[in-house]
Amino acid sequence: MAGVVASHTRAADGVARVVAAPGVSPDAIAAAVRAAGYTVVSVSRAADGDDDDAGDAPLDLLIVGAGSAGFAAAIRARELGARVALVERGALGGTCVNVGCVPSKTLIRAAEVVHRALHHGFAGIRFAPPALDFRAVIEDKRHLVAELQQAKYWDVLAAHPDIRLLRGTARLRADGGVDVDGRPVPARNVLIATGSHPHVPAIRGLADAETVTSTELMDLDERPDRLVVLGGGYVGLELGQTFARFGSRVTVLARSRLLSREEPALGAALADY
51 MAGVVASHTR AADGVARVVA APGVSPDAIA AAVRAAGYTV VSVSRAADGD DDDAGDAPLD
111 LLIVGAGSAG FAAAIRAREL GARVALVERG ALGGTCVNVG CVPSKTLIRA AEVVHRALHH
171 GFAGIRFAPP ALDFRAVIED KRHLVAELQQ AKYWDVLAAH PDIRLLRGTA RLRADGGVDV
231 DGRPVPARNV LIATGSHPHV PAIRGLADAE TVTSTELMDL DERPDRLVVL GGGYVGLELG
291 QTFARFGSRV TVLARSRLLS REEPALGAAL ADY
């Protein structure tokens, strides 16, 4: 139903836990369950949900960022008996599941299938050039991201109802306090787990060149015919190789050498390759 963002059911004890947006009433949820053909025995609301007044008592730990590090810290803190809340303004799961490991490795594997069909080393085996439906590949990636976000984050949150989720932007005040969308949230300890984001360099004319970040590149509906990658780090090389295997003409611009933060021999070997 509208407003429900996650649910978790334990068949063994017949309890279903639901994470809903503010303003969604338990009665409305119960009505939706009955309409689906199930029996509602009783309805109760978690004592420490999002609708609580955050000013009643200070949290033991407020975690800014609901990615893998934030979730791990929240779960461990609850195991130790702390009152915990997570603050997130974007998608649950942070970099890895949304814009990093999961989408990039999915596209890398898809591009590898295309590459190996044409470059397998056996002269007696020939394949016709593979047909690439780039939009369908991107949709597969989006589906996997949504699936893992649900299973690894929303479902986990529903299974830990004592961990509160506050949606909004956190700001640290000069007095050491924290506001979430302008609302004070008292907390004895604050953990900042906001991760990272792509950096766009201040190059003259770059803003007019229809550039994309690594995040946006992995969500294009159409494959670019030509792609210039600014930077020879691992993100640029991974995505550069991926799109080259998909059929884009790729140029990597590196200011010094490939993988400049790693052992020089690694960058030299990749440049030779």
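Counting in the numbering used here, the sequence shown runs from 51 upward without gaps.
Virtual Cβ for every residue (Gly too), placed ideally from N, Cα, C.
The structure presented is a predicted model; accordingly, all values stated were derived computationally and were not measured.
Got a sec, what are the start and stop residues for the alpha helix (DSSP H) residue i sits in?
| i | result |
| --- | --- |
| A220 | Here A220 belongs to no alpha helix (DSSP H); instead the beta strand (DSSP E) covers A220 to L222. |
| I113 | First-last for I113: L111 to V114, but that is the beta strand (DSSP E), not the alpha helix (DSSP H). |
Taking 9 Å as the cut-off, decide whether the C-beta atoms of residue i and residue j are in contact.
| i | j | result |
| --- | --- | --- |
| G115 | A237 | no |
| G245 | A119 | yes |
| V240 | L130 | no |
Once the 5 residues before and after residue i are set aside, which same chain residues still bring their CB inside 7 Å of it?
| i | result |
| --- | --- |
| A124 | I113, V134, L136 and I213 |
| R84 | V90 |
| S298 | R273, P274, D275, R276 and L277 |
| L309 | G282, G283, Y284, L316, G317 and L320 |
On the CB-based measure, 16 or more other CB atoms within 10 Å of its CB, does residue i come out buried or exposed?
| i | result |
| --- | --- |
| V149 | buried |
| Y203 | buried |
| G143 | buried |
| L256 | exposed |
| G226 | exposed |
| R254 | exposed |
| A61 | Low confidence applies here, because A61 scores a pLDDT of 48, under 50, leaving its location unreliable and the question unanswered by this model. |
| A104 | Since pLDDT at A104 reaches only 45, below the 50 mark, its modelled position is unreliable, and the value read off the structure follows with that caveat. Under this definition A104 is a buried residue. |
| E329 | This structure leaves residue 329 out entirely; the chain is present only between 51 and 323. |
| R295 | buried |
| P153 | buried |
| T292 | buried |
| T219 | exposed |
Go to residue i, then tell me how far its beta strand (DSSP E) extends in each direction, as first and last residue.
| i | result |
| --- | --- |
| V300 | R299 to L303 |
| I213 | I213 to R217 |
| V74 | Note, V74: premise wrong, no beta strand (DSSP E); not H, not E. |
| V240 | V240 to I242 |
| D258 | No beta strand (DSSP E) holds D258; DSSP gives it neither H nor E. |
Note down, in chain order, each residue of its chain lying with its Cβ closer than 8 Å to the Cβ of residue i, except the 5 sequence neighbours on either side.
| i | result |
| --- | --- |
| A319 | none |
Worksheet item: Where in the segment 118–206 do unbroken runs of the alpha helix (DSSP H), each at least 4 residues long, occur, reported from the N-terminal end onward?
Response: 118–129, 144–149, 151–168 and 184–199
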